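Some notes on the structure that comes next.
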Amino acid sequence: MNKNNTEAINTENTKLASDRIIELRNNNEQYFIMNGRRKTFHILTYGCQMNEHDSEKIGGMLTSIGYEETDDEKNADLVIFNTCLIRENAELKVFGKLGEVKGLKRNKPDMMVAVCGCMMQKEEIRQKLLKKFSFVDIIFGTNTIQELPRLIYNVEVNKKKSVDIIDNTELIYENMPKTRKFKYKALVNITYGCNNFCTYCVVPYVRGREKSRLPGEIINEIKMLAEDGCKEITLLGQNVNSYGNNLDNKTTFAELLYELNKIDGIERIRFMTSHPKDLTDDLIKAIKECDKVCNHVHLPVQAGSNEILKRMNRRYTKEHYLNLVEKLKKEIPDVAITTDIIVGFPGETEEDFQETIDIIKKVQYDSAFTFLYSVREGTKAAEMEDQIPDEIKHDRFDRLLDVLYPIVLERNSRCIGREYPVLVESVSRTSENYLTGRTEHFRLVHFKGSEELIGKTVNVKITNVKTFHMEGEIVEQ
Ligand code: SF4
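Under this note's numbering, think of the first position of the sequence shown as 16, with each following residue one higher.
As structure tokens, then:
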């Protein structure tokens with residue numbers, strides 16, 4: 016599909032969606048006049064930042080048709096489960112919670128229940144859900160979020176259960192309203208879907224093939240965010256490094272970063288996630304040269320053994336990965352490198368595991384998300400015969416943390432006595448007098464300060480460090 020056709024279809028679809036929004040908004044205004052209150056919604060979000068951002072779009076759409084958000088599902092007229100398949104026991108968790116909501120719905124028959132997200136892209140889970148929880152009114156998938164107003168309309172007006180799932184689509188719906196959790200930081204999708212088919216991952220099956228948003232759409236969205244007071248953006252994609260591959264003009268991710276770096280008002284640009292096979296020299300140069308792009312690269316290694324990387328279909332070797340790390344450290348001396356690691360992938364021998372330990376020691380990660388491999392139905396890895404027994408996985412996991420945590424702590428301890436600009440995010444959960452924020456390297460910092468500093472950037476001198484956070488004090492400027 017060429018760019019002009021894609022733009023025309025996107026515009027047409029956006030118009031259709033906004034017609035439904037207007038109709039439902041009018042209905043809900045009537046409801047407000049008659050009942051003296053607005054209808055309420057509550058979203059339960061499971062999983063990754065992609066899902067969090069989808070929930071912001073769902074919330075934005077519901078707000079635009081006259082709903083109001085509530086913190087408590089017991090008070091909600093519409094409860095939405097935005098599900099994830101990545102986490103272990105995901106199905107169990109969602110089904111357990113649906114059981115609770117069933118009780119609520121019994122006492123409140125008008126309450127609508129919707130289930131969406133990655134889990135709903137799987138036919139067998141959908142069928143199981145419909146059979147077990149027949150009270151669910153609406154089911155939609157990762158490619159049909161924009162259809163929510165129509166689905167609600169169908170339930171409210173036609174009294175029909177609504178299901179809308181598309182397996183794959185080239186279309187991207189722009190300009191959807193969004194509710195934002197934070198005024199000063201925002202998530203911005205740049206790509207959707209994934210083409211990589213890592214053998215342990217369900218994403219290409221549930222979110223479809225990779226498609227990139229047009230650079231102009233991304234720039235406009237971020238300019239609007241900046242005008243609204245947003246200072247930090249995180250660009251989202253399953254593999255941001257391959258941004259632009261499906262665009263006619265083939266804008267690269269590096270070129271996009273240079274453009275975004277020019278936007279007034281934005282102070283920090285982050286991105287998630289970088290696939291090591293697509294991290295180019297141009298991109299490293301862009302990170303180095305763009306002053307607003309944070310010197311933090313999240314570069315998932317997953318495993319240190321070439322044999323396991325091959326079985327994972329990661330399409331890079333340990334040597335290639337270490338070479339990238341060397342380049343990053345040479346070009347950007349204060350870069351922070353974080354990663355994802357899976358322990359106990361099918362076929363992993365003790366020697367393979369030692370290769371992972373070796374890469375941790377060589378890279379000296381600033382932080383890492385570590386996972387025990389668990390089977391995801393429908394993936395190639397789920398069918399591999401040599402699954403690793405649980406006790407061996409757990410033993411390796413513990414040994415991996417024994418190596419990783421001292422490295423992370425040592426990396427953090429290098430910050431003691433130094434000053435860092437910190438974007439203040441919130442009041443600390445542990446004490447009201449303390450604030451929390453992050454350095455550009457994504458290190459979490461707790462320090463004394465008052466609430467009015469939230470959303471501002473302050474200089475903090477680091478006084479103490481732990482494995483997962485640092486402590487400091489504000490330095491007067
Ligand atoms: S790059 Fe691999 S792990 Fe990441 S979303 Fe795509 S298939 Fe999944």
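Heads up, the beta-carbon is just placed ideally off N, CA and C, and yes, glycines get one too.
Predicted, not measured: the structure shown is a model, and the values here were computed from it.
Practice task
Give me the Cα-Cα distance between Pro-404 and Ile-372, rounded to the nearest whole angstrom.
Solution key: Spanning the two alpha carbons is a distance of roughly 19 Å.
Practice task
List the DSSP bridge partners of Asp-355.
Solution key: Paired residue(s): Phe-384.
Practice task
With distances taken Cα to Cα, identify the nearest neighbour of Glu-282 among Tyr-188, Ser-257 and Val-308.
Solution key: Just measuring C-alpha positions, the residue of Tyr-188, Ser-257 and Val-308 sitting nearest Glu-282 is Val-308.
Problem - Burial state of His-409 (16 or more Cβ within 10 Å) - result: exposed
Problem - Limits of the unbroken alpha helix (DSSP H) element including Asn-235 - result: Its alpha helix (DSSP H) spans residues 230 to 242.
Exercise for the section: Could you tell me whether the Cβ atoms of Glu-488 and Phe-462 are closer together than 8 Å? Expected result: yes
Exercise for the section: Using the Cα positions of Asp-367 and Pro-361, report the straight-line distance between them to the nearest angstrom. Expected result: The alpha-carbon of Asp-367 is positioned some 11 Å away from that of Pro-361.
Practice task
Could you tell me whether any non-hydrogen atom of ligand 1 is closer than 7 Å to the CB of Phe-384?
Solution key: no
Exercise for the section: May I ask you to verify whether the region 106 to 117 touches the region 64 to 84, counting CB pairs closer than 8 Å and requiring at least 3? Expected result: no
Handout entry: Contact set for Asn-474: own chain, Cβ-Cβ below 8 Å, skip 5 residues either direction
Key = Glu-434, Tyr-435, Pro-436, Val-437, Ile-489, Val-490 and Gln-492
Handout entry: Bridge partner(s) assigned by DSSP for Asn-97
Key = BP columns for Asn-97 point to Thr-60 and Cys-131.
Practice task
Verify the contact flag: Pro-291, CB atom, against every heavy atom of ligand 1, threshold strictly below 7 Å.
Solution key: no
Problem - Contact set for Lys-342: own chain, Cβ-Cβ below 8 Å, skip 5 residues either direction - result: Taking C-beta separations shorter than 8 Å and ignoring five residues to either side along the sequence, the partners of Lys-342 in its chain run Asp-296 and Ile-299, following chain order.
Practice task
Taking only the alpha-carbon atoms, compute the straight-line gap between Gln-317 and Asn-66 and give it to the nearest angstrom.
Solution key: 22 Å
Handout entry: Integer Cβ distance of Ala-383 from Leu-419, believed to fall under 8 Å
Key = 6 Å
Exercise for the section: Check whether the Cβ atoms of Leu-119 and Glu-88 sit closer than 8 Å, and answer yes or no. Expected result: yes
Practice task
Report yes if the C-beta distance between Phe-170 and Ile-181 is below 8 Å; otherwise report no.
Solution key: Residue identity check: residue 170 is Val in the sequence provided, not Phe. Contact flag unset, no.
Exercise for the section: Reducing DSSP to helix, strand and coil, say where Met-287 ends up. Expected result: strand
Problem - N-terminal and C-terminal residue of the beta strand (DSSP E) that Lys-476 is part of - result: Per DSSP, Lys-476 belongs to the beta strand (DSSP E) from 472 to 480.
Practice task
Please classify Thr-21: does DSSP put it in a helix, a strand, or coil?
Solution key: No answer about Thr-21 holds up, because its pLDDT of 44 lies below 50 and its placement is not dependable.
Problem - Best match in Thr-364, Gly-252 and Leu-166 for proximity to Ser-227 [C-alpha to C-alpha] - result: Ranked by Cα distance from Ser-227, the first of Thr-364, Gly-252 and Leu-166 is Gly-252.
Handout entry: CA-to-CA distance, Asn-90 to Ser-59, given in whole angstroms
Key = The sequence shown places Leu at residue 59, not Ser. Distance from the CA atom of Leu-59 to the CA atom of Asn-90, rounded to whole angstroms, is 14 Å.
Problem - alpha helix (DSSP H) segment containing Glu-115, residue limits - result: 105 to 122
Handout entry: beta strand (DSSP E) segment containing Asp-179, residue limits
Key = 177 to 179
Problem - Nearest-angstrom beta carbon gap, Ile-95 and Cys-131 [assumed within contact, 8 Å] - result: About 7 Å; that satisfies the 8 Å criterion.
Handout entry: Integer-rounded CB distance, given that Leu-202 should sit under 8 Å from His-68
Key = 4 Å
Practice task
Go through its chain and collect everything with a Cβ distance to Asn-25's Cβ below 8 Å, but skip five positions before and after it.
Solution key: Confidence is the limiting factor: at Asn-25 the pLDDT is only 49, short of 50, which leaves the residue's position unreliable, though a coordinate-based value still follows. Answer for Asn-25: Leu-186, Ile-187, Tyr-188 and Glu-189, listed in chain order.
Practice task
May I ask which residues mark the beginning and end of the beta strand (DSSP E) holding Ile-248?
Solution key: 247 to 251
Exercise for the section: Check whether the Cβ atoms of Leu-459 and Thr-472 lie closer than 8 Å to each other. Expected result: It is not a contact, given that the beta carbons lie outside the stated cut-off.
Problem - Own chain, CB closer than 8 Å to Gln-64, minus 5 neighbours either side, in chain order - result: Leu-202, Thr-249, Leu-251 and Met-287
Practice task
Quickly, what does DSSP pair Pro-219 with across the bridge? List them, please.
Solution key: Note: Pro-219 sits in no beta bridge, so no partner.
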